[in-house]
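If you count by the numbering used here, then the sequence shown holds residues 398 to 1573, one letter each, in order.
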Amino acid sequence: MIQDPKTSAASRLAEQSKTSCDRENTDRATPQFEDDSGNENKRKNVPQKRRKRAQTTPKSGKGPNTKADRGSGSRAGGSRDRQDDGEAVTLFEVITMGRSAIKAVIDDWIEAYEKERDPSILDLISFFIQCCGCKGLATAELCTSKDGSNIKSKMVEQLDEVSGLQVKRFLAFPWILTVTWPLDGDAEYPLVQPGPCGRWFHSELCDFMSVLVAQFQHSVLFDSYLMNAVLSLLTALSDSCVRAFRHTCTLAAVKLLSSLVRVALSLSVGIENSQKLCAVQKSKTARQKNSPQMKGIQKKITQLEEKRSEVESMMNVIFKGVFLKRYRDVLPEIRSICMEELGAWMKDYHTVFLNDGYLKYMGWMMHDKNSDVRIKCVLGLQELYGDPALFPKLNLFTSRFKERMISLTLDKDSEVAVQSMKLLVLMSNKSGDVLLPSEYRQLFQFVYSSQRPLAAAAGELMFLRLLNTSSDTQDGTSAEEAHKQQIYVKLKALLDFYQESKLHQHVPYLVDSLWDCSSALLKDWPTITSILLQEPPSYPGLKDAEETVLVEILVASVRQASEGPGLVGRSGAKTAVSVKEKRTQVDDCTKLTEHFLEALPKLLKKFLQREDVVALLLKIPQFFLADFLLPEKDQLLSDVLSAMGAVLDLHCGADVLEAAARSYLSLCGDQTSWFSTAQTARDAMVQNWMNRLRSLLEDAVKEGTFTADVDKTEEVVSTIKRVRAFHNCHDLSKWNLFELVFPLMSVDQTGLPPQVLLEVLKCLCYSMLWSLNTSSETLTSKEKALAQRLQLRQFCESSQRCLSHGEDAVRQQAFLGICDVLTAHSYQTNIWDPTCYGPLLYTPSPKLQRALLTFLCSHIFVTPESDSQNTDTEDSEVEKLEDLHKRRNLLAAFCKLVVHGILEMSLAAEVFMCYVKFYNDFGDIIKETLCRTRQSDKTESTRTLILSLQMLFMRLKHEQESGGRLHPGVQTFTSIKELARRFAMTFGDLMKFRECVVMIHRSGIDFVFQGFTQTPDAQTPVNLSYLTILSEFSSKLLKPDKKTMLGYLQKHTAEHITDLREECWQPLGHYRTSLLAAAEGEDALSHASSDRRLQPRSSCTKSKLEGKKSTCPTSPAADISKTPSKAQKLRFSPSTPVADMDPSFVSVAPVRRLNFDTPELSAESEAQDETVDVEL
């Protein structure tokens, strides 16, 4: 707002700028104005009631033009007064009141402009400066000079080093404006306010520009005065080095151009209508052609064309003056605004903007480093390629930037990649030959992407180009047969694509990618079933591999229809399901249940001999609708169960048994409508297996020896596999499986085949887990609880003997079985209700704990060198990954025992000491174990940590004393020190773990000096070098504890003669240095840094604003006091040993300060010493 000048440094600087103007060429029309938007910008820009502000009366400026004396004292461009007390609303205030209020105030402003245009223009100028968040002063001068070079010489933007103010002087014709603002003001301005305020202001400013042009397009838009001032103002401020001016005015300018585009379009519509009317007049008789109406129409056409030409000239000025300078601005928000509006201009006013001269900017900015700019370009191109009328004009652009558009599908920003794929889908939909076949093959592979939106977009492209085909049908073919033939052709194309890609086990991801666009094809289960069953036989036959893939697609589509999108490893799927989607899902489940109750027995019967196919088909009953109602459903379900039983009698593969067990579990659920039928069939099948297994074991085990031949052994193994697979999902406790198979554990293991022993261990483990899980229901007396504990002890003892078995699979299963059962037992004892019977407490024996620890060290923490010695050939990468996965599972099972307190925590020392050595393989598991144990008992966890370091140190010392080659289990001294550093990093909260850190230091000092007696032969303690490892924890001590530990160390060394100059005492000197530096040196440094007082930054720092550079006339260091600061005086580094600083330095006793090069600082000298930070 324009007001009287102020007596301040800013006003003096503004007066100096004004005196430099030529008084003969300028007339002072308006004095200075102070912008009070600084306070307003800090308010939240939300719709609110109009504020009451007292109207100020400005002083009249000296000059011939008295119309501009009102300045910014006029509200809303001289709008009518609201009340007699002077209530009014400024343009900046009305921007928060909504579109209707903006329209009313702009109408008042236009009315005032038509009466007195200079004060109204100044109000509009003040509005734009306020929107920029400017808090300074401004001066407006009316320019009357015709000399352009003289005016240009006065346009400056400079920084006053003395006052810390920045001045910008620019032309907003016919005004010369001088804006002055402080540099240390708030960096935020309305457009970048945090939260919703910034977004609201952005929207309201855009609405203001749109309403402003819409309201004066029929009145003052073409007066050659208003737009000249506005365009020159926005052009000058958008070129400022100040971010607030540049950002706000660029947004206003491009939105102004967008509003002018709408004006030009309305003028074009008027011209077109007038031309049509003129053509009608010309078609009349010759006597009527020269009528006055014809001349009026032609005159109107001429006027409209002139106005459109003038509007296009304004648009050209904005484009060249603002867009061309700002579309590559250093601020990504400005670049994003420019690209977004450019796309809108080309879409709306394509007759002017849609050509290669403008499209090249869109292509160039697709290479921008900011993802928001790239996505704005892609979205703009989507609007262009989506219009069939505009597609022919994009041929040259497509040929030039097609490669870049394809490469954007690999963008690191997922949203850019998704929108780029959608852009290519639009291009392919409009013109099939726009992409080459090789490019299509490259894009089709994105259906396997881990991002579901990108995979779905690629699936849409694949459906359009590969699956949306039609084949010729023969005459006389029925509609049903034609439909089946069309489905066959599409499925054959899908099968060919999958086999060419050679990506196995990815069919569910392929189906999920195609689900949104081709669910009708994938859910056509009757047609797919008829193709698999060769009904009708006129279809070309499918190969075995193609049939297997088609069955996978069938099962994946059933799962997708039943559960919806949600695959492991694929993100971006919707988590919330709408009511419509839920209803569709229920309908699909009903259809698939009704269909596969009839079709599944036929499919199982046809593919009975193919184990891989039936393993897939057996998954389908898992997705049946639970409350399905059908009169003949019991008979249909009986047929399904009979077919499943026939498959289980023939096959005993792991995949077949797992799928069948899960399907029976789904069918036997209490909430299903057929649980009684399914449960009866399951019990009959399990009873048959148990009878067969009992008879086989009676014949195979005689006098404590397994005597079965190969055929009988295979039959025993297959039967136990079936029982074990179902026992994993179903509770088979009523068949007493534990008592049936446990006698095999007492058989001589040398004669027992490993595969039999492996299955027996799994069966026993599942039996114990079910027994513990159902203990609250089954344990009704103390006798039963004792029997359960006896079984638990028998299982652990028998499994312990298997830990030394020759087969690796048997050893791992025994280890996992013990860990799982002990973990389940611990859980059941924790939730046990004392009022009823529960599992009795069982504690693993020390022998069992040592056996588990021995297995851990021998088979889990294995180095690659020792691995290669155990294998004759080098394993493939897949086998190595599988082996690593197994070892991680074994380690996690052992760590669970430690975390839950089942094993002694000291056993975890062997795990902790491998943290650094096996960090890549097991680092996450060991770190989580360390955190969990510390949460349960931080004291015991700290003791275990200390034990791990001391054990590693002693092992290394013994190896060095023996003089042999280092054992693979022994780590180097550097590794132990690194391990101590990693352990120290885990102590985050120093106050919380204060006692733990002190314990580490005390135990370390005791470990070094305990029992040491100095003799001529033993001058130093044997474990003195351990202090170097202990020094890694010095930084975690609090200041009082540092001094305490220093005294504790002095207490142990006071009785001995220590000469730190000798090499043998260097670890002690290093440890003392770490405590001294931590106790005094770091405190002094932190004290010196905290006393620094921030000073106003120099002109050199503020001249480097928003990407612009300026030279600094003098060095910043020249103005700084030559007195060295405290940070310069204290050159001691806490991490540097004293011996490294000065070889002759000897520290015998704790001292207050180390021997610095400068005198001791007093309180007075510290008070006088000031440090000035200069940002270069």
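We treat Cβ as the ideally placed atom computed from N, Cα and C, and that holds for glycine.
A quick note: this is a predicted structure, and the numbers were derived from the prediction, not measured.
Which residue marks the beginning of the alpha helix (DSSP H) containing residue i, and which one marks its end?
| i | result |
| --- | --- |
| Phe1135 | 1134–1138 |
| Val639 | Careful: Val639 lies outside any alpha helix (DSSP H) and carries neither H nor E. |
| Met743 | 729–745 |
| Arg838 | 834–841 |
| Met1310 | Premise fails: Met1310 is in no alpha helix (DSSP H) and is neither H nor E. |
| Leu1141 | Neither: Leu1141 is in no alpha helix (DSSP H) and is coded neither H nor E. |
| Trp506 | 496–512 |
| Ile1257 | Here Ile1257 belongs to no alpha helix (DSSP H), and DSSP marks it neither H nor E. |
| Lys1448 | 1436–1450 |
| Lys717 | From DSSP, Lys717 is part of no alpha helix (DSSP H); its letter is neither H nor E. |
| Lys1335 | 1335–1359 |
| Val770 | 768–782 |
CB-CB under 6 Å to residue i, same chain, minus the five flanking residues each way: which ones, in chain order?
| i | result |
| --- | --- |
| Leu654 | Met712, Ile715 |
| Asp1537 | Low local confidence applies: a pLDDT of 37 at Asp1537 is under 50, so the model's placement there is unreliable, and no value is given. |
| Lys439 | With a pLDDT of 36 at Lys439, under the threshold of 50, the modelled position of that residue is not reliable, and the figure given next carries that caveat. None. |
Are the CB atoms of residue i and residue j nearer to each other than 7 Å?
| i | j | result |
| --- | --- | --- |
| Met1302 | Leu1349 | no |
| Lys681 | Cys603 | no |
| Thr503 | Val608 | For the record, residue 503 in the displayed sequence is Ile; it is not Thr. For Ile503 and Val608, yes; Cβs fall inside 7 Å. |
| Thr1341 | Ala1305 | yes |
| Asp810 | Ser875 | no |
| Leu488 | Phe524 | yes |
| Arg1079 | Thr1116 | no |
| Leu1473 | Ser1431 | no |
| Ala1211 | Leu1200 | yes |
| His1453 | Gln1407 | no |
For residue i, collect the residues of the same chain with a Cβ closer than 8 Å to its Cβ; drop the 5 residues on either side in sequence, then sort them by chain order.
| i | result |
| --- | --- |
| Asp941 | Arg1007 |
| Ile1322 | Arg1285, Leu1288, Ala1289, Cys1292 |
| Arg1391 | Leu1435, Asp1438 |
| Trp922 | Leu951, Ser954, Val955, Lys988, Leu989, His992, Phe993, Ala996 |
| Gln1185 | Ser1168, Leu1169, Ser1172, Leu1176, Pro1236, Leu1237 |
| Pro1464 | Leu1421, Ser1422, Tyr1423, Leu1424, Thr1425 |
Using 7 Å as the limit for Cβ to Cβ distance, is residue i near chain C?
| i | result |
| --- | --- |
| Leu891 | Of the protein chains in the structure, only one exists, and it is not chain C. |
Go ahead and label residue i buried or exposed: buried means 16 or more other beta carbons lie within 10 angstroms of its beta carbon, across all protein chains shown.
| i | result |
| --- | --- |
| Lys679 | exposed |
| Asn865 | exposed |
| Val564 | buried |
| Cys1328 | exposed |
| Ala650 | buried |
| Ile1228 | exposed |
| Pro587 | buried |
| Gly963 | exposed |
| Gln902 | exposed |
Counting only the same chain and skipping the five closest in sequence on each side, list residues whose C-beta sits under 7 Å from that of residue i.
| i | result |
| --- | --- |
| Gly966 | Ser847 |
| Leu1294 | Cys1216, Leu1219, Thr1220, Leu1300 |
| Ala1097 | Phe1103, Thr1104, Ala1105, Lys1109, Val1113 |
| Arg1379 | Tyr1312, Val1313 |
| Val666 | none |
| Ser1372 | Val1313, Lys1314 |
| Ala1122 | Leu1054, Glu1055, Ala1058 |
| Tyr837 | Arg862 |
| Phe1258 | Cys1311, Phe1315 |
Legend entry - the segment 986–998 contacting the segment 971–978, beta-carbon criterion three pairs below 8 Å: no
Inset, instruction - Inspect the CB distances between the segment 1180–1200 and the segment 1146–1163 and report whether three or more fall short of 8 Å. - result: yes
Inset, instruction - Decide yes or no for the touch test of the segment 1133–1140 against the segment 1069–1077: beta carbon pairs closer than 8 Å, at least 3 of them. - result: no
Inset, instruction - Count the CB pairs spanning the segment 844–859 and the segment 907–914 that are closer than 8 Å, and state whether there are at least three. - result: yes
Inset, instruction - May I ask you to verify whether the segment 700–710 touches the segment 660–678, counting CB pairs closer than 8 Å and requiring at least 3? - result: yes
Inset, instruction - Please confirm if the segment 1045–1056 is in contact with the segment 1020–1033, defined as three or more CB-CB distances below 8 Å between the two stretches. - result: no
Inset, instruction - Would you check if there are 3 or more beta carbon pairs closer than 8 Å linking the segment 1248–1256 to the segment 1275–1282? - result: no
Inset, instruction - Please determine if the segment 821–832 and the segment 879–892 are in contact, where contact requires at least 3 C-beta pairs separated by less than 8 Å. - result: no
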